[in-house]
Every structure is written in C-alpha cells, then in structure tokens.
Amino acid sequence: MPRNKELVIDVAHRIRDILDDYPAGPTILREILQNTDDAGGRVQRFILDTRQHSSEGLFDDVLKDCQGPAIIACNDSSFQPRDWEAICNISNSSKKGDEKSTGKFGLGFCTCYHVTDYPHVLSGDQLLIIDPHKSTEKSSGCVEFSTRRSGENDRDKYSAHFDAFNGILNPQDDVFDGTAIRLPLR
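Residues in the sequence shown are numbered consecutively from 1, following UniProt numbering.
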C-alpha cells in the first residue's frame with residue numbers, strides 16, 4: 001500500500017537562498033522603508049539600541065543573545081491580520097501581483113537575517129519572535145506573545161522580551177500603536 005510523505009522545506013536554508021539575492025548593508029533599511037510605505041505608514045524611525053537588557057524572564061535561554069545591542073525600526077502603521085500571516089510565511093508573498101506595493105516580491109524582510117537570527121516584531125497587542133532555526137523549546141518557527149496585562153499574562157511572565165522595547169512600548173500601555181521591528185545584532 002502506498003505511504004504518504006510530507007514535503008519539507010528547511011526554512012533556514014530557504015532564507016540563505018534569498019539572502020544570496022539581496023546584498024547586506026543599506027538594503028535592510030530600504031526594505032523596511034518599503035514595508036512601511038506598503039502599510040501606509042507616514043513616519044519611520046531607525047534606532048541603534050546599544051543597551052544590554054536583562055535576560056531574566058525569557059521564554060527560552062537560547063534567546064539570551066537577543067538581549068544585547070539591536071537595530072530597531074519603528075513606524076506609525078500597525079500590522080493587520082494579513083501582515084502577521086505574511087511575515088510567518090517565507091516563500092509565499094502576499095505582495096505578488098499587488099501593483100500598489102512598493103515591495104513587489106514580499107521577500108525583502110528576509111534581508112534582516114543578514115544581521116540577526118531572531119527578528120522581533122511588536123505591533124498592536126502582539127509581540128512575535130521569529131525563530132527560523134526552531135532552536136527555542138517548543139518552537140514551530142514563530143513564538144507569539146500578547147502585550148495585554150490581565151490575570152496571568154505573557155507580558156509579566158516573559159518580561160525581558162518586552163523590556164527590550166522600553167522607550168518604544170510604554171510600560172503602562174497594553175497596545176503599541178504602530179510597528180517596531182527589533183533586530184538583535186549577532
């Protein structure tokens with residue numbers, strides 16, 4: 001009797017293939033600007049965060065290296081549900097065929113992997129840590145946290161991830177009005 005076999009894509013390998021087509025350097029900033037434009041953002045800020053943040057209260061000890069210096073890109077446009085889906089889907093762009101998009105192929109976000117292994121995306125009431133190597137415990141490639149504080153919550157339990165956004169996400173706010181992409185430097 002025939003047996004079914006699952007097709008498998010090595011996400012880290014696919015990202016390496018994409019990076020071969022996108023040079024390192026200022027391309028990263030340009031791609032982030034294009035994403036801001038596509039999302040209807042009017043303001044884009046880039047921050048070089050040289051601080052060392054606490055590693056107490058992490059989802060997984062593997063992420064300790066993410067608590068050091070980082071590039072942070074902030075804009076005034078919040079992610080929509082389709083954006084969350086697209087950022088977790090490496091090879092299936094939501095921008096293909098969209099004539100209004102500045103970024104036509106939807107692969108530009110992958111340029112961030114020139115400088116980081118774990119991009120962090122904060123928008124609205126969610127924080128997403130992308131883990132293409134699936135190196136954190138129980139990770140399927142993306143780990144999502146809620147920014148909302150009510151009862152037992154992610155924000156208090158995994159506070160170190162949120163503390164790395166201090167100065168961007170106000171401690172008293174449950175929702176971030178915009179999008180911040182944090183690229184912990186290797």
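Backbone N, C-alpha and C fix where the C-beta goes; we use that ideal spot for every residue, glycine too. On a predicted model such as this, the values are computed, not experimentally measured, just so you know.
**Request:** In the DSSP assignment, find the alpha helix (DSSP H) that holds residue 35 and state where it starts and stops.
**Result:** 27-38
**Asked** In its own chain, which residues sit with a C-beta less than 7 Å from the C-beta of residue 113, not counting the 5 before and 5 after it?
**Response** 15, 19
**Item:** Any C-beta of chain D under 8 Å from that of residue 90
**Value:** No chain D is present in this structure, which holds just one protein chain.
**Message:** Taking a contact to mean a Cβ-Cβ separation below 8 Å, would you say residue 182 touches residue 162 in this structure?
**Reply:** no
**Request:** Could you tell me how far apart the beta carbons of residue 51 and residue 74 are, in whole angstroms, since I believe they sit closer than 8 Å?
**Result:** 16 Å between Cβ atoms; not a contact.
**Message:** Give me the DSSP bridge partner(s) of residue 70.
**Reply:** 49, 184
**Message:** Given this structure, state the Cα-to-Cα distance separating residue 110 from residue 152, to the nearest angstrom.
**Reply:** 34 Å
**residue 121: first and last residue of the uninterrupted beta strand (DSSP E) it sits in** = 120-124
**Prompt:** For residue 44, which beta-bridge partners are listed by DSSP?
**Reply:** 75
**Reduced DSSP category for residue 144 - H, G, I as helix; E, B as strand; rest coil** = strand
**Message:** Tell me the rounded alpha-carbon separation between residue 174 and residue 148.
**Reply:** 5 Å
**Request:** Find the nearest neighbour of residue 245 within the set 39, 156, 48, judged by alpha-carbon distance.
**Result:** Lying outside 1 to 186, the shown extent of the chain, residue 245 is not represented and no answer is given.
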